[in-house]
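Encoded as structure tokens, the structure appears first; notes follow it.
In my numbering, the protein residues as written are 114 to 678.
Given below as structure tokens:
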């Protein structure tokens with residue numbers, strides 16, 4: 114662990130040096146104009162603007178632009194007063210015109226109710242027997258209080274633990290300790306302790322003994338470009354810092370992570386074959402080209418994780434030891450077809466809209482093929498951006514006023530998608546009942562009015578989404594601020610999720626961890642992991658992630674999150 118703490122200290126020092134350098138230059142420039150965000154979200158019953166802080170913006174100029182006081186902004190962003198405003202941070206600005214004073218606030222539970230149970234966060238090596246023994250209660254009482262139908266637990270799952278004497282203490286008969294739900298014929302994880310082999314006679318039939326590791330060796334290859342304190346890739350450093358926070362948490366859970374970091378900004382790998390063989394898992398590099406060069410020389414026994422670029426998925430069709438962590442656009446379009454299948458009523462209309470003459474038809478083809486596979490009847494509408502002003506009548510003719518219209522946008526062109534959303538909003542004002550479906554690209558388009566997305570009841574299938582209402586997310590943000598004196602970006606969340614998942618599974622299953630990937634579905638802070646091998650003919654090659662998060666835009670500016678199939 115000393116190596117990990119030393120590495121974290123270096124990272125913090127590097128960040129402080131970069132931040133200090135940036136602040137000295139900021140004094141030479143006037144703060145730029147603040148543009149009011151078009152993205153709004155509802156949290157805790159109140160409506161907020163989501164504002165991305167640009168370089169050299171001040172809290173005073175932001176408060177004036179939005180017509181709120183600096184104190185209002187501080188109240189909406191705990192810790193902002195202590196930590197200060199950071200570039201690229203997302204802060205919440207209360208929409209004063211929409212928020213009314215809260216009424217009928219629910220009364221907090223009394224002390225006697227709080228004392229009925231405490232909350233326990235499950236660690237990767239714990240089962241119900243270990244947790245029950247720790248708190249001096251029965252397994253049955255924990256299962257009853259948490260409505261558990263089986264004994265399988267997930268890492269970081271929240272359990273309510275009854276206070277002693279408040280629940281029955283009888284142990285359920287006939288339930289073998291720690292069997293879990295391990296698939297027949299697979300490796301069985303040991304249920305107690307943190308090392309060694311599961312003892313003979315305690316394993317489910319058809320399973321094999323499994324080594325658990327207390328120490329995991331990770332190689333991290335990132336284009337840090339860290340030649341001195343004035344240079345460097347901020348996104349890579351954010352990813353690195355998120356990974357370091359995961360290392361810290363794993364260490365607190367009893368797993369020592371030996372992490373070796375390689376700066377591959379110059380295009381060279383700088384890592385030897387011997388080091389690759391020694392690594393339990395290799396994370397990075399980032400770009401498809403750099404990953405391709407690494408895979409061509411990496412030993413077959415070394416598993417490499419692609420951490421950020423969804424375009425690298427093609428390598429999973431060539432290398433069995435390749436793992437694509439970000440889910441692809443194909444997975445998003447497949448989930449959109451599944452989503453319509455879930456929501457469509459018999460008399461509803463389905464319309465696929467795409468740009469005429471689009472050079473990239475991959476998304477269009479994936480979407481239409483998946484709809485056909487699910488026996489969903491649909492129409493298509495294609496037009497060029499120049500025809501957008503005259504397309505409303507054609508759109509009306511393909512829609513219905515007597516049922517719901519499921520409109521799927523198969524395009525990642527900002528100008529075209531913006532025009533489609535504008536035309537759909539015209540239909541909404543004419544009382545057409547619509548639900549719009551699109552891939553995650555739409556959430557990054559700055560020219561589309563956020564209000565129009567909510568009016569259109571937008572459904573987005575995305576690889577990444579952070580629910581800031583979750584306590585785990587809030588805890589991560591507060592700890593990240595305290596350690597690194599800056600706001601976590603999506604890259605920091607991704608670094609944390611990737612390191613936490615892969616180092617954790619390496620520790621849990623030892624050298625056999627790749628074979629357990631298909632059985633270790635996990636919801637992390639920003640993304641989910643649900644891996645399966647891709648097939649080429651009769652051969653199974655690398656792993657791809659098919660986990661998708663569904664985000665629905667409500668008419669009251671709410672955003673709701675659910676999991677894809």
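For each residue, glycine too, the CB sits at the ideal point set by N, CA and C.
The region 574-588 / the region 331-340 touching (three or more Cβ pairs under 8 Å): no
As assigned by DSSP and simplified to three states, the class of residue 104: This structure gives no information on residue 104, because the portion of the chain shown stretches from 114 to 678.
Inter-residue Cα distance where the pair is residue 638 and residue 427: 26 Å
Minimum C-alpha distance to residue 248 - residue among 273, 590 and 633: 273
Other residues of its chain near residue 400: CB distance less than 7 Å, five sequence neighbours each side excluded: 422
Pick from 241, 204 and 416 that is closest to residue 624, judged by C-alpha positions: 416
Residue 459 burial status per 10 Å Cβ neighbour count (16 or more: buried): exposed
Buried versus exposed call for residue 256 [16 or more other C-beta atoms within 10 Å across all chains shown]: buried
Identity of the residues DSSP links to residue 232 by a beta bridge: 273
Residue 57 classed as buried or exposed, judged by whether at least 16 other C-beta atoms fall within 10 angstroms: The shown model of the chain, from 114 to 678, leaves out residue 57, and the question about it has no answer.
Best match in 151, 588 and 656 for proximity to residue 440 [C-alpha to C-alpha]: 656
As assigned by DSSP and simplified to three states, the class of residue 557: helix
Reference residue 171, options 199, 614 and 493, closest by Cα: 199
Sub-7 Å separation of residue 410 and residue 330 beta-carbons: no
Residue 675 burial status per 10 Å Cβ neighbour count (16 or more: buried): exposed
Buried/exposed call for residue 164, threshold 16 Cβ in 10 Å: buried
Exposure of residue 449, with buried meaning 16 or more beta-carbon neighbours within 10 Å: buried
Beta-carbon proximity list for residue 362, same chain, < 8 Å, skipping 5 on both sides: 613
Inter-residue Cα distance where the pair is residue 501 and residue 509: 13 Å
Sufficient close CB pairs (3 or more, under 8 Å) joining the region 647-666 to the region 594-606: no
Reduced DSSP secondary structure (H/G/I, E/B, other) of residue 480: helix
Terminal residues of the beta strand (DSSP E) in which residue 209 lies: Premise fails: residue 209 is in no beta strand (DSSP E) and is neither H nor E.
From 602, 570, 532 and 250, residue whose alpha carbon lies closest to that of residue 665: 570
Exposure of residue 412, with buried meaning 16 or more beta-carbon neighbours within 10 Å: exposed
Candidates 431, 484 and 514, of which the one nearest residue 540 by Cα: 514
Residue 377 versus residue 356: straight-line alpha-carbon distance, rounded: 17 Å
First through last residue of the beta strand (DSSP E) which encompasses residue 548: 547-552
Close beta carbons around residue 680, own chain, < 8 Å, minus the five adjacent residues each side: Residue 680 is absent from the model: the chain starts at 114 and stops at 678.
Contained beta strand (DSSP E) runs [length at least 3] in the region 508-592, N- to C-terminal order: 518-522, 547-552 and 571-575
Identity of the residues DSSP links to residue 331 by a beta bridge: 372 and 394
Spatial distance of residue 661 from residue 641 (CA atoms): 7 Å
CA nearest to the CA of residue 494, picked from 521, 473 and 516: 521
Burial state of residue 590 (16 or more Cβ within 10 Å): buried
Neighbourhood of residue 358 by C-beta, 7 Å cutoff - its chain only, sequence neighbours within 5 removed: 592, 593, 596 and 609
Anticipated Cβ contact below 8 Å, residue 446 with residue 469, distance rounded: Their Cβ separation, rounded to whole angstroms, is 19 Å, which puts residue 446 and residue 469 out of contact at 8 Å.
Pairwise C-alpha distance: residue 567 and residue 670: 6 Å
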